[in-house]
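Q: Can you read through this structure? Questions will come right after.
There are 2 protein chains.
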Amino acid sequence: MLSKEIGNTDTETQIKIAAKSVFLKKGLAGARMQEIADVAGIGRTALHYYFRRKEQLFQVVLKDAFRDLAKRTEMLHNSDYSSLEKMEAYVDGYFEKALAEPELDIFMLNEFNNNPEVMKDILISEASGSPFNILLKGIETSVKNGEMKGAPKQILITLISMCVFSFAGRGMIQNVLFLTDEQYMDLMKERKIYMKDFLKIAFKP
Amino acid sequence: MLSKEIGNTDTETQIKIAAKSVFLKKGLAGARMQEIADVAGIGRTALHYYFRRKEQLFQVVLKDAFRDLAKRTEMLHNSDYSSLEKMEAYVDGYFEKALAEPELDIFMLNEFNNNPEVMKDILISEASGSPFNILLKGIETSVKNGEMKGAPKQILITLISMCVFSFAGRGMIQNVLFLTDEQYMDLMKERKIYMKDFLKIAFKP
DNA sequence: TAATTGTTTTACATTAATGTCGGACACAAA
DNA sequence: TTTGTGTCCGACATTAATGTAAAACAATTA
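As you go down the protein sequences, you meet chains C and F in turn. Per the UniProt record's numbering, the very first residue in the first sequence carries number 1; after that it's consecutive. Per the UniProt record's numbering, the very first residue in the second sequence carries number 1; after that it's consecutive.
This is how it looks when you write it as structure tokens:
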């Protein structure tokens with residue numbers, strides 16, 4: 001009775017957490033309702049009671065995940081940093097979140113490729129507006145002001161590449177450089193510092 | 001006797017081509033034997049005749065795909081370019097291949113994450129040795145010589161990021177920048193030029 | 001032509017996963 | 001106590017995908 005109240009973790013959020021972890025690892029097609037139920041610690045039919053179909057559950061998880069990703073750049077709103085400072089802040093925010101949940105990156109990358117229409121819907125429905133566009137606008141004005149050099153879109157892609165790939169490419173990186181999980185994590189912490197330095201000089205006019 | 005003839009121009013390679021295209025789009029779990037058979041223009045059971053099980057077919061496709069990826073850096077062997085020249089050559093080779101088959105990147109990225117052991121096996125079994133290590137060695141000596149600045153591993157990851165993400169992140173890029181397929185392709189052609197320029201200055205001491 | 005080999009198809013068995021339905025159970029309000 | 005509500009489970013029903021065995025077919029070669 002009280003157990004239910006205290007553990008603010010009611011079944012529904014338990015399920016969402018479980019589903020997220022399974023979907024991140026296996027993708028939509030690879031995920032099994034049974035496994036999600038197991039992870040959530042409930043019966044499979046109870047799972048269906050909350051989310052009638054797998055697709056439905058997936059949509060919910062996807063939207064949440066996207067919101068998480070978007071949060072990584074939340075700090076950029078209303079900020080009056082310069083563009084370079086914004087980039088630094090972006091990197092900081094990004095790496096902080098990503099170090100805690102490295103699987104999210106590859107998942108989002110896949111979703112953007114697999115059902116772009118869905119992602120487009122989500123992008124539109126999120127009032128906040130795409131965080132990337134904020135960055136792009138900033139970069140564009142910086143280039144005009146002569147603070148930065150290069151084609152704005154290319155600069156943006158370079159920045160995103162370096163952030164996203166660092167985590168989405170985890171398997172590749174570890175395999176190629178023969179790194180343990182700890183070594184990888186350490187390398188990423190180092191990379192956060194490295195990138196902030198790098199960006200400062202790389203786009204200097 | 002000669003029935004088999006040179007070059008399996010026949011069903012078997014037809015199957016491999018079909019399987020590759022389906023696996024690239026849907027992944028292992030999402031792919032259906034029926035669909036592969038359809039694409040190959042044969043019956044589903046004939047497919048089983050050639051490759052008894054889906055897993056087996058997948059392995060074959062995966063190895064071939066990896067070989068393709070590795071080929072992108074083939075030119076670096078035995079070359080006596082400087083490290084920067086090697087990077088340029090790498091970018092050239094990479095973009096050339098990737099522009100022709102953009103889906104390969106996200107596929108490989110996923111495979112490295114999903115079954116790293118398999119990828120490790122492939123890496124080892126390929127006598128050529130990991131192409132990335134050739135790059136890394138080159139970068140390391142360049143840094144020692146004072147031709148380049150920065151931690152070698154970070155430089156390598158930056159380079160790979162920029163190549164791989166450009167194509168693996170296609171969905172994300174198109175969605176965020178509102179690009180049609182043509183516009184995306186054009187942007188990538190532009191990016192190839194941009195990157196070669198960029199790399200030259202970005203790592204200068 | 002008959003035998004041999006290799007290929008494809010038909011028809012089926014098996015397995016696995018999803019989704020649904022009726023009830024069981026706990027708790028709360030009347 | 002009864003009635004109602006929300007939650008969860010067991011037992012199906014359904015569907016879909018995989019894999020296999022045996023027959024049909026085609027092409028080649030003795």
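Every residue gets a Cβ at the ideal spot worked out from N, C-alpha and C, and that includes glycine.
Given a cut-off of 8 Å on the beta-carbon distance, is the pair F203(C) and G138(C) in contact?
A: no
Q: Counting only C-beta atoms, is L159(C) closer than 8 Å to chain F at any point?
A: no
Q: Report, in whole angstroms, the separation of the C-beta atoms of L104(F) and L69(F), which I expect to be a contact under 8 Å.
A: 7 Å
Q: In this structure, does DSSP put Y184(C) in helix, strand or coil?
A: Looking at Y184(C) - three-state DSSP - the assignment turns out to be helix.
Q: Under 8 Å between C-beta atoms, does D39(F) make it to chain C?
A: At residue 39(F) the sequence reads Val, which differs from the Asp that was named. It does not: the Cβ of V39(F) has no partner Cβ on chain C nearer than 8 Å.
Q: Looking at I106(C): is its Cβ nearer than 8 Å to the Cβ of N113(F)?
A: yes
Q: If distances are taken between C-alpha atoms only, which option among F66(F), F132(F), H48(F) and P102(F) comes closest to K86(F)?
A: Per the C-alpha coordinates, the member of F66(F), F132(F), H48(F) and P102(F) positioned closest to K86(F) is F132(F).
Q: Give me the chain C residues within the contact set of R170(F), using Cβ-Cβ distance strictly less than 7 Å, ordered along the chain.
A: N113
Q: Roughly how many angstroms separate the alpha carbons of F178(C) and F95(F), rounded to a whole number?
A: 26 Å
Q: Please identify the residue among M185(C), P152(C), I124(C) and Q14(C) whose C-alpha is closest to the C-alpha of L57(C).
A: Q14(C)
Q: In chain C, which residues lie less than 8 Å from P116(F) when you measure between Cβ atoms?
A: G171, Q174 and N175
Q: How is the alpha helix (DSSP H) around M172(F) delimited, first residue to last?
A: Counting along the chain, the unbroken alpha helix (DSSP H) around M172(F) starts and ends at R170 to L177.
Q: How many Å lie between Q174(F) and S83(C) at the Cα?
A: 23 Å
Q: If we ignore side chains and look at the alpha-carbon of each, how far apart do A168(F) and P102(F) end up?
A: Their backbone Cα atoms lie some 7 Å apart in a straight line.
Q: In chain order, what are the residue ranges of uninterrupted beta strand (DSSP E) at least 3 long that sit wholly in the UniProt domain "HTH tetR-type" (9–69) of chain C?
A: none
Q: Short check: CB of K192(F) to CB of V91(F), under 8 Å?
A: yes
Q: Under three-state DSSP, which class holds D80(F)?
A: Coil.
Q: Look up R72(C) in the DSSP assignment and say whether it is helix, strand or coil.
A: coil
Q: Touch check for the segment 32–40 of chain C and the segment 16–23 of chain C: three-plus C-beta pairs under 8 Å?
A: yes
Q: Distance check for T11(C) and F51(C), CA to CA, integer angstroms please.
A: 11 Å
Q: Applying a beta-carbon distance threshold of less than 9 Å, which residues of chain C neighbour V164(F)?
A: S161, F165, A168, G169 and M172
Q: Would you please verify whether the beta carbon of R191(C) is less than 8 Å from any beta carbon of chain F?
A: yes
Q: Measure from the C-beta of S130(F) to each C-beta in chain C and report whether the shortest distance is under 8 Å.
A: By this cut-off, S130(F) is an interface position.
Q: Closest to L62(F) by C-alpha separation, out of K97(F), T45(F) and V22(F), would be which residue?
A: V22(F)
Q: Against chain C, does N145(F) count as a neighbour if the rule is that its beta carbon must be under 8 Å from one of theirs?
A: no
Q: Helix, strand or coil: how does DSSP classify N115(C) here?
A: coil
Q: How about S166(C) and S161(F): do their beta carbons lie closer than 8 Å?
A: yes
Q: I want to see whether chain C comes within less than 8 Å of G43(F), judged by CB atoms only; does it?
A: no
Q: Please say whether L109(C) and M172(F) have beta carbons closer to each other than 8 Å?
A: Taking 8 Å as the cut-off, the beta carbon of M172(F) is found closer than this to the beta carbon of L109(C).
Q: Can you look up K153(F) in the DSSP assignment and give me helix, strand or coil?
A: helix
Q: Of the residues F66(F), K144(F), R32(F) and E88(F), which one's Cα is nearest the Cα of D197(F)?
A: E88(F)
Q: Confirm, please, whether the CB-CB distance from G30(C) to A29(F) is below 8 Å.
A: yes
Q: Hey, does I106(C) have any beta-carbon neighbour from chain F nearer than 8 Å?
A: yes
Q: Grab me the residues of V118(F)'s own chain with a C-beta within less than 8 Å of its C-beta, minus the 5 sequence neighbours each way, in chain order.
A: Q59, L62 and E111
Q: Please decide whether M185(F) counts as near chain C, where near means a Cβ-Cβ distance under 8 Å.
A: With a threshold of 8 Å between beta carbons, M185(F) makes no contact with chain C.
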